[in-house]
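What follows is one structure encoded as structure tokens, with my remarks underneath.
Numbering (this note's numbering), first residue to last: 1 to 500.
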């Protein structure tokens with residue numbers, strides 16, 4: 001008994017480490033050093049976070065020299081890892097969810113920065129499934145899919161027709177791998193923050209692995225044994241043009257929180273000098289085209305936006321073709337993708353001069369007020385692009401005006417934007433109304449006069465923009481082909497209507 005007490009006293013005489021800070025290594029004897037290291041090894045603990053769980057756990061890692069040694073220790077502690085092959089267990093740090101740590105990474109290296117807030121992350125398979133994904137998604141919490149069932153995710157970027165197809169293993173880290181693949185393969189997501197919306201439930205946001213996993217769990221397999229999940233990707237910090245409200249526009253863009261769209265200053269478009277008028281031949285050809293369209297559509301202009309565009313096309317094509325005779329760099333683009341800091345989407349019509357957007361047109365069958373809001377946000381993007389084209393030495397010079405049009409085909413409003421994107425001045429014209437193929441001769445003449453009036457207003461805006469750009473090209477950065485009016489080397493991805 002006395003011998004045991006003496007041995008105990010010898011042991012307790014060793015310089016044991018305090019609870020918080022490790023003591024200096026003792027140098028008394030080889031026996032003391034060995035005992036000290038044994039105690040230190042037994043006290044080593046790491047903060048470990050299994051993906052899909054709510055928080056990290058503190059785990060003793062005695063006798064583990066590296067991450068390969070840590071795998072069986074974790075399997076003994078966590079039930080969800082016991083049926084997993086050790087080689088399928090991966091380790092990550094929080095800053096990089098896509099690059100696993102090598103298995104020979106030492107425990108000492110991990111300890112250096114290991115805390116409850118910065119734990120060692122453990123990834124493991126949830127099943128043997130692989131999923132075919134059109135774009136990125138998430139799946140993390142432990143919902144086991146049937147081994148014969150794949151998960152298929154169809155995702156598009158809102159208002160941008162972009163799809164990719166990838167296959168990933170069904171693991172706790174699929175969410176991070178999918179997002180990484182999305183950023184890698186889809187240009188619109190480079191450097192952007194984004195989240196997902198359930199296309200079948202528009203109000204449901206899917207922005208983490210738990211939401212996505214719940215969506216997978218409630219989605220039944222189809223006849224092919226696949227779970228089809230449809231999502232839309234939305235960019236944080238900006239919205240599709242059509243999602244903006246008048247309140248948001250007034251507060252966030254126009255700096256008028258107490259104002260109203262109806263209270264914006266009036267744009268006197270008729271004060272802009274007129275350019276060269278259309279010839280009688282061109283005018284009659286334009287009116288004849290509209291009459292044929294009206295007859296073929298039984299005078300239905302406002303049925304839907306596709307019908308309205310049938311009437312809008314002749315206005316835009318005729319005006320741009322006319323102005324090109326004096327400004328050959330002018331061109332009309334259809335269905336062009338626009339992407340700014342606050343809004344993004346596809347524009348119905350854009351007129352470029354020297355590859356700079358000078359006129360943006362929005363076809364709208366809803367209220368004109370909604371169309372005006374949408375068009376002003378589009379002009380905000382155009383102003384940002386114009387600012388980016390300006391040469392550095394001319395940053396203090398005032399930006400040229402940009403114009404917008406909102407139309408149903410019958411009713412037309414013109415918008416004037418001046419100033420930088422941060423402090424703009426916006427004016428909106430009165431409505432101009434035109435009609436088509438009136439049976440009464442007197443009414444028909446009045447209709448033709450109103451219709452040609454709208455065409456002349458579009459033309460004078462384009463003439464004004466063309467004159468300004470031609471006389472101020474030294475302020476902007478454009479290529480030689482753009483100055484020369486050669487558009488063949490400047491093809492865009494979107495469909496372009498070129499008026500030769």
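Glycine is no exception: its CB is placed at the ideal position from the N, C-alpha and C atoms.
What is the residue span of the beta strand (DSSP E) that residue i lies within?
i: residue 90; result: 90-92
i: residue 123; result: 120-123
i: residue 196; result: 194-198
i: residue 425; result: 425-428
i: residue 107; result: Premise fails: residue 107 lies in the alpha helix (DSSP H), 107-111, not in any beta strand (DSSP E).
Which of the three DSSP states, helix, strand or coil, is assigned to residue i?
i: residue 266; result: strand
i: residue 469; result: helix
i: residue 87; result: helix
i: residue 238; result: coil
i: residue 97; result: coil
i: residue 296; result: helix
i: residue 301; result: coil
i: residue 459; result: helix
i: residue 386; result: helix
i: residue 260; result: coil
i: residue 126; result: strand
i: residue 401; result: coil
i: residue 171; result: strand
i: residue 278; result: coil
i: residue 253; result: helix
i: residue 191; result: coil
i: residue 450; result: helix
i: residue 115; result: coil
i: residue 39; result: Because the pLDDT at residue 39 is just 47, under 50, the model does not fix this residue reliably, and the point stays unresolved.
i: residue 147; result: Below a pLDDT of 50, predicted positions are generally treated as unreliable, and residue 147, at 32, falls in that range; no measurement from the model is reported.
i: residue 222; result: coil
i: residue 135; result: Confidence is the limiting factor: at residue 135 the pLDDT is only 38, short of 50, which leaves the residue's position unreliable, though a coordinate-based value still follows. Coil, per DSSP.
i: residue 393; result: Confidence in residue 393 is poor, its pLDDT being 49 and thus under 50, which makes the residue's placement unreliable; the coordinate value appears in the next sentence. Helix, per DSSP.
Identify every residue that forms a DSSP beta bridge with residue i.
i: residue 49; result: 121
i: residue 407; result: 363, 412
i: residue 244; result: For residue 244, which the question treats as bridged, DSSP gives no partner whatsoever.
i: residue 433; result: 411
i: residue 206; result: 196
i: residue 418; result: 425
So residue i packs on residue j, CB below 8 Å; how close in whole Å?
i: residue 272; j: residue 460; result: 5 Å
i: residue 362; j: residue 346; result: Residue 362 to residue 346, Cβ: 11 Å. No contact.
i: residue 286; j: residue 318; result: 5 Å
i: residue 501; j: residue 48; result: The question about residue 501 has no answer, for the chain in this structure spans 1 to 500.
i: residue 342; j: residue 376; result: Wrong, their Cβ atoms sit about 11 Å apart, outside the cutoff.
i: residue 431; j: residue 411; result: 5 Å
i: residue 352; j: residue 358; result: 7 Å
i: residue 400; j: residue 472; result: 7 Å
i: residue 315; j: residue 458; result: 6 Å
i: residue 404; j: residue 379; result: 5 Å
i: residue 452; j: residue 283; result: 6 Å
i: residue 236; j: residue 193; result: 4 Å
i: residue 463; j: residue 323; result: 6 Å
i: residue 125; j: residue 171; result: 5 Å
i: residue 424; j: residue 383; result: 7 Å
Could you spell out the range, first to last residue, of the alpha helix (DSSP H) harbouring residue i?
i: residue 183; result: 174-185
i: residue 217; result: 209-217
Within the stretch 304-380, ranges of the alpha helix (DSSP H) (whole runs, at least 4 residues): 305-323
Completely contained beta strand (DSSP E) runs for the stretch 55-84, where each covers 3 or more residues: 57-60
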